[in-house]
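Below is one structure; the comments refer to it alone.
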Amino acid sequence: MQLGVYSFGNQATDPVTGELVSTAQAQRDLLEAIVLADQVGLEFFGIGEHHTEEMPASAASVILGAAAGQTKRIRLASAVTVLSTDDPVRVFQQFATLDALSNGRAEITAGRGSSVESYPLFGYKLEDYDRLYAEKLELLLRVNEHATVTWSGTVRAALDDELVVPRPDRGSLPIWLGTGGSPNSTVRAGQLQLPVSYGIIGGDPARFKALADLYRRAWATGPETTRQPLISVGNPGFIGETNREARDTFWPTWYRGMADIGRRRGFAPPVREHFEIEAEGGALFVGEPEQIANRIIRLHGAMGHSRQFLQMDFLGLPQRELLRSIELLGTKVKPLVDAELGPEPEVVPNPLDGGPAPVETGAAS
Amino acid sequence: MTRVAVLGVGKVGTAIARAALAAGHEVTVAGSGDAEPVRFITEIMAPGVGVATAHDAVEGSDIVVLSIPLPKLASLDPEMLAGRIVVDAMNHWEPTDGALPALFDGHATTSEAVAAHLVGARVVKALNHIGYHGMEADARGFGADDRRGLVAVSDDAVAANEVAEFVASLGFDVIAAGPLSRSAAVEPGSTIFAGSFSAVDVARLLGEAGAHAHVAQKVDLAEQFDGA
Chain X
1 MQLGVYSFGN QATDPVTGEL VSTAQAQRDL LEAIVLADQV GLEFFGIGEH
51 HTEEMPASAA SVILGAAAGQ TKRIRLASAV TVLSTDDPVR VFQQFATLDA
101 LSNGRAEITA GRGSSVESYP LFGYKLEDYD RLYAEKLELL LRVNEHATVT
151 WSGTVRAALD DELVVPRPDR GSLPIWLGTG GSPNSTVRAG QLQLPVSYGI
201 IGGDPARFKA LADLYRRAWA TGPETTRQPL ISVGNPGFIG ETNREARDTF
251 WPTWYRGMAD IGRRRGFAPP VREHFEIEAE GGALFVGEPE QIANRIIRLH
301 GAMGHSRQFL QMDFLGLPQR ELLRSIELLG TKVKPLVDAE LGPEPEVVPN
351 PLDGGPAPVE TGAAS
Chain H
1001 MTRVAVLGVG KVGTAIARAA LAAGHEVTVA GSGDAEPVRF ITEIMAPGVG
1051 VATAHDAVEG SDIVVLSIPL PKLASLDPEM LAGRIVVDAM NHWEPTDGAL
1101 PALFDGHATT SEAVAAHLVG ARVVKALNHI GYHGMEADAR GFGADDRRGL
1151 VAVSDDAVAA NEVAEFVASL GFDVIAAGPL SRSAAVEPGS TIFAGSFSAV
1201 DVARLLGEAG AHAHVAQKVD LAEQFDGA
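Structure below.
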């Protein structure tokens, strides 16, 4: 099982002044977190594209590029890239460059995103939502598969035998399909034989077992290959020394984050009672290392996922708390999970070149 | 036993289909096109439900549940749903749907816009203010201390009570209220939309939202379960 972290960017609270750091400082904080995650043996760091002041990680590949030079083993990924409002050729070029600089550690998670700030920013229309995503995903997969591309569609200029470089040394990039749990997206990922990444933000995560089954079933309708269906799970989480301490630390930042999103989406701020329920058995993996390890192992029993990564830095979480939680995930949770499930597999999917590609293992020891 | 047609097989549609099946109803689901891709999904996500085209599912049903993305409302054929009791379980998610200006034209609430498009349908706003994963997790037997209250809002009192009975069978207390023009009280942004409340608290919140004059009744579940 691969363990890791993801972030949308966070304006941390300065513990001395009580003020929020700048959006520029938030980028440097993120880089520091990735470097630590690598040092403590975590295998994955994902940056989810967002464009708000509170969640300012708008240029994932730039931060990941900086991290490439300061890290050794950790996989550097988007989680997710809002493909609908970006150019698939540009996305590929950026992540292929990242892949070159990191010696084969780049991954793309393609998705629609959970919010639509990028639509007005880049001049796209929401009513084209479905078409934008379908066409751009198709183009991204084709660019990943072929160095020279011929393509035509309705959402960007046609390509006539155009060369797209750089090409990844390992042939192609792992491209995951990110979804919040829609059955249709699940079937799409399976039929395309792409690895799928579920964002689980509320309720009992074990209910995703049915989706995991659906995904494998859809995969099995495709051609025989040496590739295998792969599932990752991203969800909110935070590790502390004790359950009580973890939850007391995470609660105010979770509250601020959810209240902020709720204001824009029309739901009320969370209540502590519900938070405790979610932290005990729901989507929030907030607690002491033993409990979180057990919950990851249990979810693995239901879904058979091979990677789980936690979003720890909601609105205002002080940077030192983020770093402490990352350290506990790597040094305390990971050994417990490894002891139960064994070390991570030695291959990661190489979805479009017909077979898995070897990579360095991320084993910390 | 109610014959339920669920249009839409996303997260919400499959959850409602499972819940209705568990409550002993006959459930048929439909997507936007052929039945086969839908069957592929439901065999795993909601085993036991029937699958048909939208037209056939509606044809054989007592209640139709709409669980499609609201921007796709225009793709529904009003003729197909004329005269039917239609549960509007949809919401406007501005962060992902945009502003829907054409749909809102002249309407204070989305359920009115739904009713205006579906001319002749007996529209009831219901099952929209509970998260899809609460549909099964929060269901409780009649009389349970922590049974949630859900709202059924309509301009048609008979349709509202039919839907109330159906929602009650899924494991919730139901407050039938109207008219649709007041359904902002259960839309995103309302207190009711956000939280999990008892029927008593829901009725109080409806009153605070100015819908008190239109709260038809708290459905008398005991009476219904006795078949009275």
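First to last, the sequence lines map onto chains X and H. So for the first sequence, this note's numbering puts the first residue at 1; every next one is plus one. So for the second sequence, this note's numbering puts the first residue at 1001; every next one is plus one. Heads up, the beta-carbon is just placed ideally off N, CA and C, and yes, glycines get one too. Being a predicted model, the structure only gives us computed values, none of them experimental.
Review point. How far does the beta strand (DSSP E) with N235/X in it reach, from first residue to last?
Key: By 1-based counting over the first sequence, the position of residue 235/X is 235. First-last of the beta strand (DSSP E) with N235/X: I231 to I239.
Point to revise | Three-way DSSP call (helix, strand, coil) for T1028/H in this model | key: In the second sequence, counting from the first residue as 1, residue 1028/H sits at position 28. DSSP places T1028/H in strand when its eight states are reduced to three.
Point to revise | I74/X - containing beta strand (DSSP E), residue span | key: To locate residue 74/X, count along the first sequence from 1; it is residue 74. Where I74/X is concerned, there is no enclosing beta strand (DSSP E), given that its DSSP letter is neither H nor E.
Exercise for review: Anything in chain X within Cβ reach of G1131/H, meaning under 9 Å, just list it in chain order.
Suggested key: By 1-based counting over the second sequence, the position of residue 1131/H is 131. In chain order: G202 and G203.
Check your understanding: Where V1215/H and L192/X are concerned, what is the direct C-alpha to C-alpha distance, given to the nearest angstrom?
Key -> Residue mapping note: residue 1215/H aligns to position 215 of the second sequence, counting from 1. Residue mapping note: residue 192/X aligns to position 192 of the first sequence, counting from 1. Confidence is the limiting factor: at V1215/H the pLDDT is only 40, short of 50, which leaves the residue's position unreliable, though a coordinate-based value still follows. If you take the alpha carbons of V1215/H and L192/X, they lie about 50 Å apart.
Check your understanding: When DSSP labels each residue in this structure, what does W151/X get in the three-state scheme?
Key -> Position 151 of the first sequence holds residue 151/X. Look at W151/X here: in three-state DSSP terms it is strand.
Practice item. Scan the region 101-118 of chain X for residues whose Cβ lies nearer than 9 Å to a Cβ of chain H and list them as they occur along the chain. Key: Cβ contacts with chain H: R112, G113, S114, S115, V116 and E117.
Check your understanding: On the three-pair Cβ rule with 8 Å, is the region 105-120 of chain X touching the region 72-89 of chain X?
Key -> The region 105-120 of chain X vs the region 72-89 of chain X: in contact.
Point to revise | Those runs of the alpha helix (DSSP H) which lie wholly inside the region 110-181 of chain X and span at least 4 residues | key: The region 110-181 of chain X contains these whole alpha helix (DSSP H) runs: 118-122 and 129-145.
Practice item. Assign Q2/X to buried or exposed, taking buried as 16 or more other Cβ atoms, counted over all protein chains shown, within 10 Å of its Cβ. Key: The residue given as residue 2/X occupies position 2 in the first sequence. Q2/X should be labelled buried.
**Study point:** Neighbouring residues, chain H, relative to E245/X (Cβ below 8 Å)
**Key:** Locating residue 245/X in the first sequence gives position 245, counting from the first residue. Ordered by position in chain H, no residue passes the 8 Å Cβ test against E245/X, which lies about 27 Å from the chain.
Exercise for review: Measuring alpha carbon to alpha carbon, tell me which of G281/X, L101/X and E54/X ends up nearest P166/X.
Suggested key: As a position in the first sequence, residue 166/X is number 166, starting the count at 1. Relative to P166/X, the option among G281/X, L101/X and E54/X whose CA is nearest is L101/X.
Review point. Roughly how many whole angstroms lie between the Cα atoms of A1074/H and R247/X?
Key: Counted from its first residue, the second sequence places residue 1074/H at position 74. Counted from its first residue, the first sequence places residue 247/X at position 247. Those two C-alpha atoms are separated by around 45 Å.
Check your understanding: In three-state DSSP terms, what is A253/X?
Key -> Within the first sequence, residue 253/X is the residue found at index 253, counting from 1. Per the sequence presented here, residue 253/X reads as Thr, with Ala not at that position. Three-state DSSP puts T253/X in a helix.
Check your understanding: Which residues in chain X sit within 7 Å of I1041/H, going by Cβ to Cβ distance?
Key -> Looking up residue 1041/H in the second sequence gives position 41. By Cβ distance, chain X contributes P183, V187 and L214.
Practice item. Could you give the DSSP three-state label for E327/X: helix, strand or coil? Key: As a first step, residue 327/X is located in the first sequence; it is residue number 327 there, counting from the start. In the three-state DSSP reduction, E327/X falls in the helix class (H, G or I).
Review point. What's the call for H1055/H, buried or exposed, on a 16-neighbour Cβ count within 10 Å?
Key: Position 55 of the second sequence, counted from the first residue, corresponds to residue 1055/H. Counting Cβ neighbours within 10 Å, H1055/H comes out exposed, since fewer than 16 surround it.
Practice item. Ignore the nearest five residues each way along the sequence and tell me which others in T179/X's own chain have a CB closer than 8 Å to its CB. Key: Here residue 179/X corresponds to residue number 179 of the first sequence, with the count starting at 1. Contacts found: G111, S185, T186, A189, V196, S197, Y198 and G199.
Check your understanding: How would you list, in chain order, the residues of chain X whose beta-carbon sits under 9 Å from the beta-carbon of F1193/H?
Key -> Position 193 of the second sequence, counted from the first residue, corresponds to residue 1193/H. The CB of F1193/H comes closer than 9 Å to the CB of G266, F267 and A268 in chain X, given here in chain order.
Check your understanding: What does K1011/H touch in chain X if you count any residue whose Cβ is under 9 Å from its own?
Key -> Here residue 1011/H refers to the residue found at position 11 of the second sequence. Under the 9 Å cutoff, chain X gives G180, G181, S182 and P183.
Exercise for review: Give a single yes or no on whether R244/X has its beta carbon closer than 7 Å to a heavy atom of the ligand ADP.
Suggested key: With respect to the ligand ADP, the structure shown offers nothing to examine, as it has no ligands at all.
Check your understanding: Does M1090/H come within less than 8 Å of chain X when only Cβ atoms are used?
Key -> One-based indexing of the second sequence puts residue 1090/H at position 90. No, because no Cβ of chain X sits closer than 8 Å to the Cβ of M1090/H.
Practice item. Write down the C-beta distance between A33/X and I326/X rounded to the nearest angstrom, noting that I regard them as a contact closer than 8 Å. Key: Taking the first residue of the first sequence as position 1, residue 33/X is located at position 33. Taking the first residue of the first sequence as position 1, residue 326/X is located at position 326. Contact holds; Cβ gap of about 6 Å.
Review point. Shortest alpha-carbon distance to V1012/H belongs to which of G1195/H, E1136/H, S1198/H and A1176/H?
Key: Within the second sequence, the letter at position 12 stands for residue 1012/H. The option with the nearest alpha carbon to V1012/H is E1136/H.
Check your understanding: With C-beta atoms as the reference, is A1052/H less than 8 Å away from T1028/H?
Key -> Walking along the second sequence from the start, residue 1052/H turns up at place 52. Walking along the second sequence from the start, residue 1028/H turns up at place 28. Yes, Cβ-Cβ distance for A1052/H and T1028/H is below 8 Å.
Review point. Using a Cβ cut-off of 9 Å, which residues of the region 209-234 of chain X contact any Cβ in chain H, in chain order?
Key: Per Cβ criterion, the list reads A210, L211, D213, L214, R217, A218 and T221.
Practice item. Identify the contact partners of G1189/H in chain X, using a Cβ-Cβ distance below 7 Å as the criterion. Key: For this step, residue 1189/H is matched to residue 189 along the second sequence. In chain order: G266.
Review point. From V1058/H to A1005/H, what does the alpha carbon distance come to, in whole angstroms?
Key: Within the second sequence, the letter at position 58 stands for residue 1058/H. Within the second sequence, the letter at position 5 stands for residue 1005/H. Near 6 Å, if we compare the C-alpha coordinates of A1005/H and V1058/H.
Exercise for review: With distances taken Cα to Cα, identify the nearest neighbour of V16/X among E340/X, R320/X, L329/X and D338/X.
Suggested key: If you number the first sequence from 1, residue 16/X lands on position 16. That would be R320/X, whose Cα lies nearest to the Cα of V16/X.
Review point. Which residues mark the beginning and the end of the beta strand (DSSP E) in which K1125/H is found?
Key: On the second sequence, residue 1125/H is found 125 positions in, with the first residue counted as 1. Segment R1122 to K1125, the beta strand (DSSP E) holding K1125/H.
Check your understanding: Is the shortest distance between the beta-carbon of L137/X and the beta-carbons of chain H less than 8 Å?
Key -> If you number the first sequence from 1, residue 137/X lands on position 137. No, because no Cβ of chain H sits closer than 8 Å to the Cβ of L137/X.
Point to revise | Residue from D1097/H, A1099/H, L1180/H and I1063/H with nearest C-alpha to V1114/H | key: Taking the second sequence and counting its residues from 1, the one referred to as residue 1114/H is at position 114. Answer by Cα proximity: L1180/H.
Exercise for review: Check whether the Cβ of R207/X lies closer than 8 Å to any Cβ atom in chain H.
Suggested key: The residue given as residue 207/X occupies position 207 in the first sequence. Output row for R207/X: interface = yes.
Check your understanding: Cβ of L1206/H within 8 Å of Cβ of V1163/H?
Key -> The residue given as residue 1206/H occupies position 206 in the second sequence. The residue given as residue 1163/H occupies position 163 in the second sequence. Their beta carbons are not under 8 Å apart, which means L1206/H does not touch V1163/H by this criterion.
Review point. Between L376/X and H300/X, which are expected to be in contact by the criterion C-beta below 8 Å, what is the C-beta distance as a whole number of angstroms?
Key: The requested residue 376/X does not occur in the structure, where chain X is confined to residues 1 to 365.
Check your understanding: Exposed or buried, D1146/H, counting other C-beta atoms within 10 Å across all chains shown (16 or more means buried)?
Key -> Taking the second sequence and counting its residues from 1, one reaches residue 1146/H at position 146. Answer is exposed; the Cβ neighbour count stays below 16.
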